[in-house]
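For reference, the structure is listed below as structure tokens.
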Amino acid sequence: MDRSGTVQAEALTTTGTYIREVILENFMSHEYSRIKLKRGVNIITGPNGSGKSSILLGIAVALGQTYTERAEKLSDLIQRGKDTARVTVIFDNSPINDKRPVRSITSDTIAITRYIKKSGEYWHYVNNRFRTKAEVDQLLKNIGINPNNMLIIMHQNMIENFASRNNIEKLQMVEDAVGISLLRERIVEAEARLRTLMSETNNIKKLLSEAEASVDYWRSELEKLTKIRQLESIRKKLEQEYAWCLVKRIEDDLERKTKIREKLYGENERLRIEIENLISEMLEKKEKIKNGIEERIPITDILRFIDELIELASKQGAARLREKQIKEELGEIDRDISRLQSELNESLRQAAEKGERILSNRDPHEVLEDIRLTTLQIASIGSVSPEAENMYLIADAKFSEIKARAEEMYENIKRSMEEVSKRKEIWRNKLREIVSKVEPTFQEILATIGAKGAIILRDLEDLSTASIELHVGFRGNDPTILDSHTHSGGERVVATLAFLLALQSHMKSSFRAVDEFDVHLDPLNREMMMKILLATANKYPETQYLLITPSRVQVSKEMNIIVVQNVSGRSFIIHEDEAE
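Rendered as structure tokens:
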């Protein structure tokens, strides 16, 4: 339970206190007056203008009331010619069954004093110690007194005022008087918390939407980055394949050139042997021609030898020409092989930088085309931040965090709505319970003067429009809502007093005061209401009533009669028991 709940609960369980004495100094017409009060009924009487109402006004001002109908400002209540007024209310704090009404104060009395200066300053003392108004308000709250609640202190014309108040205000006064205003305060606090939570939903929705958009953006960027990385990996493999394809092509060219060189070397060797054989045959033919000439062989044979020699010489010339060509081709082949070997060494170095050898039978141009296509695919994706992966992880973590906060907030809203609903249900049930108990008493009191009545609660689903209606009917008429248009002043007084008396067993404050309640009552109703009042007072002996009237009062032993007289503008107090 919170602190305010503890204080109010403690106040409800303590024995009620009462006002022992009121002291007025330089207050309105009272230069110095001491008014002694008792439990039960205290009646202040005296002629009009004697200063009766000033006593109740002094009590209200001492207890913290700041607005009065008697003066625009508190300094106007100071007696003419004086600079300072002092009003003191002394409460009884004697222990009953070893428990004091206000347990935090150990003295038998609690004196609440208020000083008022012409300058407009005012301050409080409690048992001669300075206290702030907030501290005084809390002390009075503990004993159930709210000086601003007209169901507790009814100044002149406040019965009329109460009847004219709207029914929403009336209900709030009833709640304060019976000590359940804390239930309303807790509902208001719970609704305020709920509104605060609800106001945060738009912000959290915005944050969640932004975080989700960020996650989607960086997820898309990460997908592009992943695709680029995949394509770059493919391109890297293709570049590796291309490098080794170039190596293989050079190796193939080198192998082909080597085979050609070997073939040329073989052909050159055959030509050498062939030329040697042709030279040998030519020498033989020359020898035969020489011998044939010497031996004078037939000319035809010599001519045949000459033709054969010419043919051999021709073959030798052709062979030597081919031999020369082969030597030139071999020189070119050797240069090509040397160049290819250099290219191979460089290609091997470059390919080794790309990675291990890849066996591929594809043409380098085909691989190069794949590289170009892959490069175009990478370019088509566009630029991507290399931090996309980290940014996605950060965005996703932030989204998860905000989502968790949103879920927690929605859970808090759900709990808060349940709390509001629960507190409203408690409040409604308590009001219905009180009305169900007060209404029969209200009807009984009205029945004694031949009237009928009802108490109706309205709009309890909405705290701001919840209201209480007093319905009364006089002289056989059906009950209607109590207001100045339908009911006379006396009827409104009777109905309001009947309601006030019906509330007695539920009111938290042990002090009630009514100023000139009987002004609009005829003698019969005045007598009847006084009897009811005395009966109620006897029924609740712990309660203190302060009634102010200019009328004659039939005195009974249960009453404490205080007479106020005014002589030359100054009020004097006469206590009936002291006068006797």
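Numbering (this note's numbering), first residue to last: 117 to 696.
Here a beta-carbon is modelled for each residue, glycine too, at the ideal position from N, C-alpha and C.
- Around the C-beta of D208, 16 or more other C-beta atoms lie within 10 Å, and the residue is accordingly described as buried.
- For L323, the enclosing alpha helix (DSSP H) stretches over residues 297-411.
- Per DSSP, S169 lies in no beta strand (DSSP E) segment; the continuous alpha helix (DSSP H) that holds it begins and ends at 168-178.
- Look at S499 here: in three-state DSSP terms it is coil, with no helix or strand label.
- By alpha-carbon distance to A329, the top candidate from I689, F515, K553, H603 is F515.
- When rounded, the separation of the alpha-carbon atoms in L456 and R372 is 11 Å.
- In the same chain as E445, and ignoring 5 residues on each side of it, the C-beta atoms closer than 6 Å to its own belong to L380, in chain order.
- An exposed status is given to Q346, since fewer than 16 other beta-carbon atoms sit within 10 Å of its beta-carbon.
- N265 counts as buried, since at least 16 other C-beta atoms from the protein chains shown sit within 10 angstroms of its C-beta.
- In the pairwise beta carbon analysis, the segment 341-361 is classified as not touching the segment 412-427: fewer than three pairs are separated by under 8 Å.
- In the DSSP assignment, E585 is bridged to I572.
- Between the segment 348-365 and the segment 460-470 there are three or more C-beta pairs closer than 8 Å, enough to call the two in contact.
- The beta-carbon separation of T652 and L617, rounded to 5 Å, stays under the 8 Å limit for a contact.
- Boundaries of the beta strand (DSSP E) harbouring G156: 156-161, taken from the DSSP string.
- Between S600 and S280 the beta-carbon gap is near 6 Å, inside 8 Å, which marks them as a contact.
- DSSP places D638 outside both helix and strand once states are collapsed to three, so it counts as coil.
- As the crow flies, the alpha-carbon of I678 is around 6 Å from that of T161.
- Residues of the same chain with a CB within less than 7 Å of the CB of F558, apart from the 5 flanking positions on each side, are G569, I571, A614, F615, A618 in chain order.
- Burial is judged here by how many other beta carbons sit within 10 angstroms of a residue's own beta carbon; A250 has fewer than 16 and is exposed.
- In the DSSP assignment, F421 falls outside any beta strand (DSSP E) and within the unbroken alpha helix (DSSP H) covering 415-470.
- Under the three-state reduction of DSSP, V218 is assigned to coil, being neither helix nor strand.
- CA-to-CA, the gap between A227 and S220 works out to about 14 Å.
- When DSSP states are grouped into helix, strand and coil, H603 belongs to the coil group.
- Selection E482, D452, N318 evaluated against I366 yields D452 as nearest (Cα-Cα).
- With 16 or more other Cβ atoms from the protein chains shown falling within 10 Å of its own Cβ, A306 counts as buried.
- Here V294 carries a coil assignment [DSSP, helix/strand/coil].
- In the displayed model, E147 falls within a strand according to three-state DSSP.
- Linking L299 to N258 through their CA atoms gives a straight-line distance of about 16 Å.
- Only residues of its own chain outside the window of five on either side were considered, and among them L425 have a CB closer than 7 Å to the CB of K402, listed in chain order.
- With 16 or more other CB atoms across the displayed protein chains lying within 10 angstroms of its CB, Q195 is buried.
- Separation of I664 and H271 (C-alpha to C-alpha, rounded to the nearest whole angstrom) is 9 Å.
- Beta-carbon to beta-carbon, Q441 and I395 are separated by about 19 Å, too far to satisfy the 8 Å threshold.
- The three-state reading of DSSP puts E674 in coil, since its state is none of H, G, I, E or B.
- For M270, DSSP records a beta bridge to V630.
- Taking W334 as the centre and dropping the five residues before and after it, the same chain places the C-beta of A504, M507, Y508, A511 closer than 7 Å to its C-beta, in chain order.
- Looking at the backbone, the Cα of K530 and that of S537 are separated by about 10 Å.
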